[in-house]
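Asker:
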Amino acid sequence: MRYYAGPVARLIDELARLPGIGNKTAQRLAFHLLNAPPEAAHNLARAVTEARDSVRFCKICANLTDSEVCQICADPGRDQTQICVVGEPKDLVAMEKTRGYKGVYHVLQGVLSPLNGVDADSLTIRQLLARLEGGRVREVILATNPNVEGDATALYLARLIKPLGVKVTRIAHGLPVGAHLEYADEMTLAKALEGRREV
Amino acid sequence: MRLYKVSALVLKAVNIREADLILTLFSRERGKIRVLAYGACKPGSRKRGAVQPFSCANFLLCRGRDLDTVSQADLQEMFPALRERLDLLGYASYLAELVDAFTAEGEAAPAVFELLQQSFGLLGHIQTALLTRAFEIKLLTLLGYRPCLESCVSCGGALGGEPVYHAGAGGMLCPRCAALQHGGLRCRRGTVATLRLLLRWDLRRLNRLRPDDAIRREMRQILRRHMEYHLERRMKSLQFLRLIGEDY
Chain Y
1 MRYYAGPVAR LIDELARLPG IGNKTAQRLA FHLLNAPPEA AHNLARAVTE ARDSVRFCKI
61 CANLTDSEVC QICADPGRDQ TQICVVGEPK DLVAMEKTRG YKGVYHVLQG VLSPLNGVDA
121 DSLTIRQLLA RLEGGRVREV ILATNPNVEG DATALYLARL IKPLGVKVTR IAHGLPVGAH
181 LEYADEMTLA KALEGRREV
Chain X
1 MRLYKVSALV LKAVNIREAD LILTLFSRER GKIRVLAYGA CKPGSRKRGA VQPFSCANFL
61 LCRGRDLDTV SQADLQEMFP ALRERLDLLG YASYLAELVD AFTAEGEAAP AVFELLQQSF
121 GLLGHIQTAL LTRAFEIKLL TLLGYRPCLE SCVSCGGALG GEPVYHAGAG GMLCPRCAAL
181 QHGGLRCRRG TVATLRLLLR WDLRRLNRLR PDDAIRREMR QILRRHMEYH LERRMKSLQF
241 LRLIGEDY
């Protein structure tokens, strides 16, 4: 038995396909859109369509962009000799928020996962190696997550890049700001000790 | 009691939602269990270190409707070498995947726990490929899947000069019985003898063994065929080992 008119049921079905949204939430969102002024729904629909149709991967760094080359790669003020490698576009945003990095990026579009099977060809590793061919890049900073997948990817990339004569570094691991020493695990503490600095 | 304690190794951690993990643990007390660790990916989480794959920790778990949840986790051993060398990371993933694939949830197997814990500790100190073969045959034995290596599995007679491994038969066949079966794998007597040694010897003694390349290759083929016959699938981590040129 159909409880809702066809278009409403379809809207609820489509919303419920989104990650983290169940049927109840989908219903709530659908009714919010139906009760709001028509412009709200039209603006949302336009934003979704525009984003889907215009956003693509940067041909240099594989970040999401609405032009052929993303803003960061096109910025002449960026240090093109330093590439920071991240797993996902959202990691790039996290790095940018620090405002401390002035080099360029490379987005792998995923990480190697030893336990879930691995397809290195589905990552942008080949594009990264092609970027290093010119001899212009001096340092590659591996900024994948400090978990098994991130470490596997970083170690694999280091193995491929080091023979090219490019300096390969890994972002430091250590205690998060505001953390308590007593709750830190031995590996984090060991890494924090390794990366200690004179004050 | 809603709360209970286990000492467990983390076999796998799968991300769900923003910062939560579904962990596959292999505990000494209850065998394999799947649990939820809320907020474990957040930088400030106290559980973060203990829920990393391959680490050994004491967990305080809380019974839930579907999955139990991690209430507290106290890290015991982290095996940092497994995260610092690509080959060791690949082999540790393979051992963890084997235990995950061969065991059922909720069936206690303390000997399997000990074997995995000891193997994680020895990776990097013992010839890796040999340690992996010894782990495979010991695991198969502990779980009741051991291939018959002593005599012909079909007629019970001596194996003779050139025994043949047959997955469907469940072990070695003498040349006469092997002639009646299709799809066997001819191997040397030395391969069978080395497999028996791997089964008996303590893992810490394995560096004393120096089998030649042909024996190593045959042992790998036999054990892999045997495991794939029983599991009816290949291990995903082998793909990773092959990628890094370590599948030997």
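Sequence lines, in order, name chains Y and X.
The UniProt record's numbering numbers the first residue of the first sequence as 1 and each following residue consecutively.
The UniProt record's numbering numbers the first residue of the second sequence as 1 and each following residue consecutively.
Backbone N, C-alpha and C fix where the C-beta goes; we use that ideal spot for every residue, glycine too.
All values reported here derive from a predicted model rather than from experimental measurement.
Take LEU108 of chain Y and list the residues in its own chain whose beta-carbon comes closer than 6 Å to its own, dropping the five residues that flank it on each side.
Answerer: GLY87, LEU123, THR124
Asker: Ignoring anything shorter than 3 residues, give me the beta strand (DSSP E) runs that lie fully in the region 24-59 of chain X, in order along the chain.
Answerer: 31-37
Asker: Does any CB atom of chain Y fall closer than 8 Å to the CB of MET172 of chain X?
Answerer: no
Asker: Could you compute how far the alpha carbon of ASP202 of chain X sits from the alpha carbon of ALA134 of chain X?
Answerer: Distance between the alpha carbons of ASP202 of chain X and ALA134 of chain X is about 9 Å.
Asker: Mind pulling the chain X residues with CB within less than 7 Å of ARG159 of chain Y?
Answerer: LEU86
Asker: Who are the neighbours of PRO176 of chain Y on chain X, taking C-beta pairs under 8 Å?
Answerer: PRO43, GLY44
Asker: Using the three-state DSSP reduction, which class does HIS180 of chain Y fall into: helix, strand or coil?
Answerer: Of the three classes helix, strand and coil, the one that applies to HIS180 of chain Y here is coil, per DSSP.
Asker: Which residue comes first and which comes last in the alpha helix (DSSP H) that contains ARG170 of chain Y?
Answerer: Per DSSP, ARG170 of chain Y belongs to no alpha helix (DSSP H); it is in the beta strand (DSSP E), 167-170.
Asker: Against LEU243 of chain X, what residues of chain Y qualify as contacts under a CB-to-CB distance less than 8 Å, listed in chain order?
Answerer: LEU112, VAL118, ALA120, TYR156
Asker: I'd like to know whether the C-beta of SER237 of chain X is nearer than 8 Å to at least one C-beta of chain Y.
Answerer: Among the CB atoms of chain Y, one or more fall inside 8 Å of the CB of SER237 of chain X.
Asker: Would GLU114 of chain X be called buried (16 or more neighbouring beta carbons within 10 Å of its own) or exposed?
Answerer: exposed
Asker: Straight-line CA distance for HIS42 of chain Y to ALA36 of chain Y?
Answerer: 11 Å
Asker: Could you tell me which residues DSSP puts in a beta bridge with ASP74 of chain X?
Answerer: X:ASN58
Asker: By the three-class DSSP mapping on this structure, what secondary structure does GLY170 of chain X have?
Answerer: Three-state DSSP puts GLY170 of chain X in coil, outside helix and strand.
Asker: Which residues in the same chain have their Cβ closer than 6 Å to the Cβ of LEU33 of chain Y, if we skip the five residues on either side of it in sequence?
Answerer: Excluding sequence neighbours, LEU33 of chain Y sits near ALA41.
Asker: Considering only the alpha carbon of each residue, which of Y:ALA152, Y:LEU193, Y:GLY165, Y:LEU181 lies closest to LEU241 of chain X?
Answerer: Among Y:ALA152, Y:LEU193, Y:GLY165, Y:LEU181, the Cα nearest to that of LEU241 of chain X belongs to Y:ALA152.
Asker: Can you tell which of X:ALA50, X:LYS32, X:SER27, X:GLY31 has its C-alpha closest to the C-alpha of TYR38 of chain X?
Answerer: Checked all of X:ALA50, X:LYS32, X:SER27, X:GLY31; the closest Cα to TYR38 of chain X is X:ALA50.
Asker: Can you find a C-beta in chain X that's less than 8 Å from the C-beta of LEU115 of chain Y?
Answerer: yes
Asker: Applying the 10 Å Cβ sphere with the 16-neighbour rule, what's the burial state of ARG48 of chain X?
Answerer: Classification of ARG48 of chain X: buried, given that the 10 Å Cβ count is 16 or more.
Asker: Using three-state DSSP, classify THR124 of chain Y as helix, strand or coil.
Answerer: THR124 of chain Y: coil per DSSP, three-state reduction.
Asker: What span of residues does the beta strand (DSSP E) with LEU3 of chain X cover, start to end?
Answerer: 3-16
Asker: In chain order, what residues of the same chain lie with their CB nearer than 6 Å to the CB of LEU29 of chain Y, ignoring the 5 residues before and after it?
Answerer: Only LEU15 meet the Cβ criterion.
Asker: Within its chain, find whatever has a CB closer than 8 Å to the CB of VAL166 of chain Y; leave out the 5 residues flanking it on each side and keep chain order.
Answerer: LEU132, VAL137, ARG138, GLU139, VAL140
Asker: Under 8 Å between C-beta atoms, does ASP91 of chain Y make it to chain X?
Answerer: no
Asker: Buried or exposed for HIS226 of chain X, please, with buried defined as at least 16 other CB atoms from any protein chain shown within 10 angstroms of its CB.
Answerer: buried
Asker: By the DSSP assignment, the alpha helix (DSSP H) with LYS149 of chain Y in it spans what residues?
Answerer: Residue identity check: residue 149 of chain Y is Glu in the sequence provided, not Lys. For GLU149 of chain Y, the enclosing alpha helix (DSSP H) has its first and last residue at 148-161.
Asker: Take the Cβ of ASN207 of chain X as the centre, count every other Cβ of all protein chains shown within 10 Å, and call the residue buried at 16 or more, exposed below.
Answerer: exposed
Asker: Let me confirm a value: THR49 of chain Y is counted as buried when at least 16 other C-beta atoms fall within 10 Å, else exposed. Which label applies?
Answerer: Counting of Cβ neighbours within 10 angstroms places THR49 of chain Y among the exposed residues, the total staying below 16.
Asker: So, using beta-carbon positions, are LEU88 of chain X and ALA81 of chain X closer together than 8 Å?
Answerer: yes
Asker: Can you tell me which residues form a DSSP beta bridge with ILE141 of chain Y?
Answerer: Y:CYS84, Y:THR169
Asker: Tell me ASP79 of chain Y's beta-bridge partners as DSSP assigns them.
Answerer: Y:GLY103
Asker: Buried or exposed for CYS155 of chain X, going by 16 or more other Cβ atoms inside 10 Å?
Answerer: exposed
Asker: How many angstroms separate the CA atom of ALA62 of chain Y from the CA atom of ASP20 of chain X?
Answerer: 28 Å
Asker: Just to make sure I have the definition right: I need the residues of chain X whose C-beta is within less than 7 Å of the C-beta of MET187 of chain Y. Which are they?
Answerer: What MET187 of chain Y touches in chain X, judged by beta-carbon distance under 7 Å, is GLY49, MET78, PRO80, going in chain order.
Asker: My guess is that GLY106 of chain X and ILE33 of chain X are in contact by the Cβ rule of under 8 Å, so how many angstroms apart are they, rounded?
Answerer: 7 Å
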